[in-house]
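Everything in the sequence shown is counted per my numbering, starting at 162 for the first residue and increasing by one.
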Amino acid sequence: MNDKENTNENDIEIVTEEEEINKEYEKYNQLSKEELICTIIELNKDILNLKDDAIKLKDEKDDWQEKYTRLQAEFENTQKRWEKSRDHLKNQSKGTILRSFLPLYDSFKNALKNEDDNGIIQQFFKQFMNILKAFGIEPMKVEKLELFDYNKHEALTTVERDDIPNNTIIDIIQDGIIIDKDILRYAKVIVSRIPKPPKQKIDEKKEEKLLDENTIENGKEK
162 MNDKENTNEN
172 DIEIVTEEEE
182 INKEYEKYNQ
192 LSKEELICTI
202 IELNKDILNL
212 KDDAIKLKDE
222 KDDWQEKYTR
232 LQAEFENTQK
242 RWEKSRDHLK
252 NQSKGTILRS
262 FLPLYDSFKN
272 ALKNEDDNGI
282 IQQFFKQFMN
292 ILKAFGIEPM
302 KVEKLELFDY
312 NKHEALTTVE
322 RDDIPNNTII
332 DIIQDGIIID
342 KDILRYAKVI
352 VSRIPKPPKQ
362 KIDEKKEEKL
372 LDENTIENGK
382 EK
């Protein structure tokens, strides 16, 4: 029964469509030549209007697509900024607490400079560093003869040196500390500066210049 019903429905649809086509054909067949031309012109206008509407819809679609892409990019950038800001605030809060442990770190470092035959201090220091690393804290890598970087280093003083470039780290007084790539404490260092020329030599050059000028002037007078 179902197959027969479906067949009948399809037949009805086909007949209905054919009837519509026949009606349209008869309608246009009854038109005069002038009326047919006018009808064709009107149909062409309708087609052009439909094309214009299609172009407008495409432009609107492209605009919305562009807005969507831009909003999506802005959302992703905002999310990244928020995550970065959140991590920074998290590190600040964590750093405020963990900064109180830095004097203990400095004490361990100073103690290790002295003799530690049985290695007890070294053992405690290793355990202490493992705790700090668990919180994302580690010493900053700073080497002597490395160029000074104000983003990481704090210059306590400068020393005149003519054997190395200007602003070169000569000595490390206190280790810098990093917490998850953020600076918790700047490394305190001593840096080099170019020596000033001796004052005596400058005065001698000025005197020589004055003598030369006087000699030239005396020669002109003669």
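For glycine and all other residues, C-beta sits at the position ideal for the given N, C-alpha and C.
Partner residues in the beta bridge of P300, as assigned by DSSP, are I338. The Cβ neighbour count for S193, taken over all protein chains shown within 10 Å, is under 16; the residue is labelled exposed.
Residue environment analysis places H249 among the exposed positions, since fewer than 16 neighbouring C-beta atoms fall within 10 angstroms of its C-beta. Taking the Cα of A316 as reference, the smallest distance to any Cα among D324, I331 and D323 is reached at I331.
At the C-beta level, L263 and I338 come within 8 Å of one another. In this structure, the alpha-carbon of I334 lies about 10 Å from that of D267. Bridge partners of D332 according to DSSP: I351. Within 10 angstroms of the beta-carbon of F236 lie fewer than 16 other beta-carbons, which makes it exposed. A contact is defined here as three or more CB-CB pairs under 8 Å, and the stretch 321-331 fails this definition with respect to the stretch 286-300.
DSSP links T318 through a beta bridge to I351.
T329 is a Cβ neighbour of V352, given a cutoff of 8 Å. Spatial neighbours of L306 in its own chain (CB-CB distance under 7 Å, excluding positions within 5 residues in sequence) are listed in chain order as I325, T329 and I330. Our two residues, K349 and R242, have alpha carbons roughly 31 Å apart in a direct line. Under the DSSP assignment, I344 falls in the beta strand (DSSP E) whose first and last residues are D343 to R346.
Within the DSSP bridge table, the entry for L308 names T329 as partners.
Under the DSSP assignment, F286 falls in the alpha helix (DSSP H) whose first and last residues are I281 to A295. A Cβ-Cβ distance of about 12 Å is found for the pair P359 and E321, leaving them out of contact under the 8 Å criterion. Cα atoms of S246 and R260: separation of roughly 20 Å, rounded to the nearest angstrom.
In the three-state DSSP reduction, P356 falls in the coil class, being neither helix nor strand. Boundaries of the alpha helix (DSSP H) around S268: L263 to K274. In the three-state scheme derived from DSSP, where H, G and I count as helix and E and B as strand, K313 is classed as coil.
Within the same chain, and ignoring the five residues on either side of T319 in sequence, the residues whose Cβ sits closer than 8 Å to its Cβ are I351, V352, S353 and R354.
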